[in-house]
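Data first, discussion second: the structure below is written as structure tokens.
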């Protein structure tokens, strides 16, 4: 698994399209697909998304990943619908499901995370007058990705310790030390951030 | 959630938010556990929201969930099974994802009613958090499948596993609160 996101590099027109407008198009497509319930129209939408994949040409392994998920969902949800409601409803559900999920995955596959962050920061710009600071988003992304790595390492060492004590099968023997060390890590990170002046600007917020 | 928009959290709040979001993401790294004869794997990640709520209280837990879901939405593979991007939100179980926010809020609000919550209160809080998630998730699923019966039937298989997670979360939280007291309302 790629730890830096689900983006698959490429040079297609879809890759080069700016992230903001691309996100808007995606939102429109998904809304239409969920609202409309005409089988022919939905099949057309699926076809359109398939053309998108043909243009973007993501690696086969990634396409297969998406397809497998869609297949499992289509069989599960479609099967339930067929059994409980009827073929018409099942077809509508499966088609809108496939179109919406495939379109959303296509966006994620063709858009770099920093491009999405930049687009969202721009989009949230007008909220600045209400006290929202969009530029925090980049900092949060970086800190969280780093924390995932740290906590995964903590989880591994706690697990080893539990196994060494012969408590490998007890959920609390693992979970309690893991949670305690997680919260301690939060304290350390808080001190490190405070030492670098993060959050100072609005220390008065604390009383709120 | 606080009534007014917050400019940004001070360092300790920011750190708790970030680390808890990462914590729930790491819960998604654990493989599913098969319990008993049911063929449905029990994934531990969805105990994250109400566990966060009963650990650090409503406000910080809600911020952590908002952050986690925002990171998932922009394309980081932080959901269990390495899923991420916008697809999980528009799918049939998207309501259960958004319900995590309500779940953290409800469980946190109940747990922080006591300064030193005991196991019964933590159990109640975690259970209420789970119910809150279902209250968002099932109607969403019903919109997708077009029928309430399908949505409810499809969700029933997860109930036993989720109840087990409520018990584990409450147990873990009660032991953690004994080790590190004073976490629920933020350290002052």
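Chains as they are written, first to last, in my numbering: chain V, 1 to 208; chain G, 1001 to 1188.
All residues carry an ideal CB built from backbone N, CA and C; glycine is no exception.
Computed from a predicted structure; not experimentally measured.
Within chain V, 183 have C-beta atoms less than 9 Å from the C-beta of residue 1183(G), given in sequence order.
When C-beta distances to chain V are compared with 7 Å, the residues of the region 1065–1077 of chain G below that value are 1067, 1071, 1074, 1075, 1076, 1077, in chain order. The beta-bridge partner set that DSSP reports for residue 189(V) is empty. Within chain V, the residues whose beta carbon sits less than 8 Å from that of residue 1146(G) are 81, 85, 89, 92, 93, listed in sequence order.
Against chain V, the beta carbon of residue 1149(G) has neighbours under 9 Å at 84, 85, listed in chain order. The region 1043–1063 of chain G makes contact with the region 1111–1123 of chain G; the number of CB pairs closer than 8 Å reaches 3 or more.
Counting only Cβ-Cβ distances below 7 Å, residue 1172(G) has contacts in chain V at 172, 175, 176, 179, in chain order.
Exclusion of the five residues before and after residue 1137(G) leaves 1095, 1096, 1099 as the residues of its chain whose Cβ lies within less than 6 Å of its Cβ. Only residues of its own chain outside the window of five on either side were considered, and among them 185 have a CB closer than 8 Å to the CB of residue 150(V), listed in chain order. Contact check for residue 20(V) and residue 122(V): beta-carbon distance about 7 Å, within the 8 Å limit, so the pair qualifies. Annotation: the continuous alpha helix (DSSP H) that includes residue 1013(G) extends over 1011–1027. Within the region 67–134 of chain V, no beta strand (DSSP E) run of at least 3 residues lies entirely inside it.
DSSP, reduced to helix, strand and coil, places residue 1083(G) within a strand of the structure shown. Here residue 93(V) is buried: its Cβ has 16 or more other Cβ atoms, across all protein chains shown, within 10 Å. Residue 105(V) has a beta carbon lying within less than 8 Å of a beta carbon in chain G. By the neighbour-count definition (other C-beta atoms within 10 Å, threshold 16), residue 38(V) is an exposed residue.
Here DSSP, grouped into helix, strand and coil, assigns residue 1144(G) to helix. Residue 1149(G) is classed as exposed because its beta carbon has fewer than 16 other beta carbons within 10 Å across all chains shown.
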